[in-house]
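Please read the structure below before turning to the comments.
Chains as they are written, first to last, in our numbering: chain D, 1 to 43; chain S, 1001 to 1362.
In structure tokens:
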């Protein structure tokens, strides 16, 4: 049964890897920052 | 803030890929005293944590630039997120309106769009300064900086100065917003904002930005039009490149800076007057072009001392080598002495390739 246990662990590892790729990042990436004066509102 | 929409960029789980276009970005607008306080406010509006690590562009409105941007330079340098190659621009008008009109039509990734607009080597009409140089110029005593000018296209563009003197012959010295182009893109980047002591003091046109790039060695390649004295109605357009950075020496003579600069340029012929510019006459054209470049460079350098009074090229970096101690250089007061500078310019210009047509006389 030892070979079966090893095989199961491998499967779990692959699925875990896949889920990380599909799961979106926790970050929102800012592409550009625009800075206006207080009269025009900061962006 | 303009935020990337990764699902529209990559397509998420869709095998067909991303949609691209304007859906790749969304906007958050907040009022805050600093960049990071704005990030803090935006974090409460967005389900994900705001990260500046992929920020490609920081745009200042001209009003902020005229009041001074050194505080922002400090933020940019201290931040472990903002990268040293982040592009910085001054917008003629509102920065928010400028960013709102950005439509990355030919790019799927908006970061790539900004890199292509502000950082590529085959355009010469805007300076290529990034956040690292921006910060260094804000703290050093030997140079000022210029930033690219951006703007929304005006409905009624102002008439730009036309160059009649040879270099960029018949080309308009455009400022951003004044380019009368028909395009889906409503945003334009041409010319440069001249900074002195961290404040914007003047605007310079696209041709002057090209000369700036040549003098600083940032120039890579662009299409340049020259006047041919024998066919003034038929300008000659070459693909010009700078394979070697300019040679600069600064001496202090009678307490005045004497600046020697030699420029090295190469060109491939693209559009010539088919009537008679043949192989035997390349030397004549090279001599003419050298004179035309020299005239344009001399005029631009004179403007930096008389009108801008700002060492935007960074000659101070070479001048400080004339002093034994840095304290002596500080005591000399480079920024105040720069307007007294005298220039000796030399141009090395060679035609390298004639294109696929090469006619010989006879």
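Note that CB positions come from ideal geometry on N, CA and C, so glycine has one too. Remember, it's a predicted structure, so these values are computed and weren't measured experimentally.
By alpha-carbon distance to residue 1284(S), the top candidate from 1131(S), 1228(S) and 1251(S) is 1228(S). The residue from 1256(S), 1305(S), 1296(S) and 1212(S) with its alpha-carbon nearest to that of residue 1329(S) is 1256(S).
Burial state of residue 1092(S) is buried, judged by a 10 Å Cβ sphere holding 16 or more other Cβ atoms. Nearest to residue 1240(S) by alpha-carbon distance, out of 1349(S), 1196(S) and 1155(S), is 1349(S). Taking 8 Å as the upper bound for CB-CB distance, residue 1152(S) and residue 1097(S) are in contact here, some 6 Å apart.
In this structure, the alpha-carbon of residue 1131(S) lies about 15 Å from that of residue 1149(S).
Across the structure, residue 1182(S) and residue 1128(S) are spaced so that their CA atoms are roughly 25 Å apart.
Residue pairing of residue 1344(S) in beta bridges, as defined by DSSP: 1260(S). For residue 1064(S), the nearest beta carbon of chain D is closer than 7 Å to its own beta carbon. In the same chain as residue 1029(S), and ignoring 5 residues on each side of it, the C-beta atoms closer than 8 Å to its own belong to 1001 and 1096, in chain order. Within the same chain, 1199 and 1200 come within 7 Å of residue 1066(S) by CB-CB distance, once the 5 residues on both sides are set aside. For the pair residue 1234(S) and residue 1226(S), the Cα-to-Cα distance works out to about 9 Å.
Here residue 1038(S) is buried, its C-beta having at least 16 other C-beta atoms within 10 Å.
In this chain, the alpha helix (DSSP H) harbouring residue 1139(S) covers 1131-1139. In this structure, the straight-line span from the alpha carbon of residue 1060(S) to that of residue 1356(S) is close to 45 Å. In the structure shown, the three-state DSSP call for residue 1200(S) is strand.
Taking a beta-carbon distance threshold of 7 Å, residue 1003(S) counts as an interface residue toward chain D. Ranked by Cα distance from residue 1154(S), the options 1168(S), 1174(S) and 1167(S) are led by 1174(S). Contact between the region 1292-1308 of chain S and the region 1201-1217 of chain S is established, with three or more Cβ pairs separated by less than 8 Å. Under the DSSP assignment, residue 1002(S) falls outside any alpha helix (DSSP H), being part of the beta strand (DSSP E) whose first and last residues are 1002-1004. Short of 7 Å from the beta carbon of residue 1271(S), and not among the five residues preceding or following it, lie these beta carbons of its own chain, in chain order: 1236 and 1237. Put simply, of 1339(S), 1144(S) and 1160(S) the residue whose alpha carbon is nearest the alpha carbon of residue 1170(S) is 1160(S).
In the DSSP annotation of this structure, residue 1060(S) is not part of any alpha helix (DSSP H); the continuous beta strand (DSSP E) holding it starts and ends at 1057-1061. Looking at the DSSP output, residue 1241(S) shares a beta bridge with 1221(S) and 1266(S).
Within the region 1089-1122 of chain S, 1091, 1094, 1095, 1096, 1098, 1099, 1102, 1110, 1111 and 1114 place their CB atoms closer than 8 Å to a CB of chain D, listed in sequence order. Think of a sphere of 8 Å around the beta carbon of residue 1140(S): no beta carbon from chain D falls inside it, the nearest being about 23 Å out. Proximity of chain D to residue 1055(S) at the Cβ level (cut-off 9 Å) is accounted for by 29, 30, 31, 32 and 33, in chain order.
Near chain D, meaning a CB-to-CB distance below 7 Å, the residues of the region 1024-1038 of chain S are 1025, 1029, 1030, 1031, 1032, 1035 and 1038.
Per the DSSP secondary-structure output, residue 1248(S) pairs in a beta bridge with 1261(S). Just so you know, the alpha carbons of residue 35(D) and residue 1034(S) end up roughly 9 Å apart.
At a cut-off of 7 Å, the C-beta of residue 1302(S) has no neighbouring C-beta in chain D. Taking the beta carbon of residue 1059(S) as reference, the chain D residues within 8 Å of it are 32, 33, 34 and 35, listed in sequence order.
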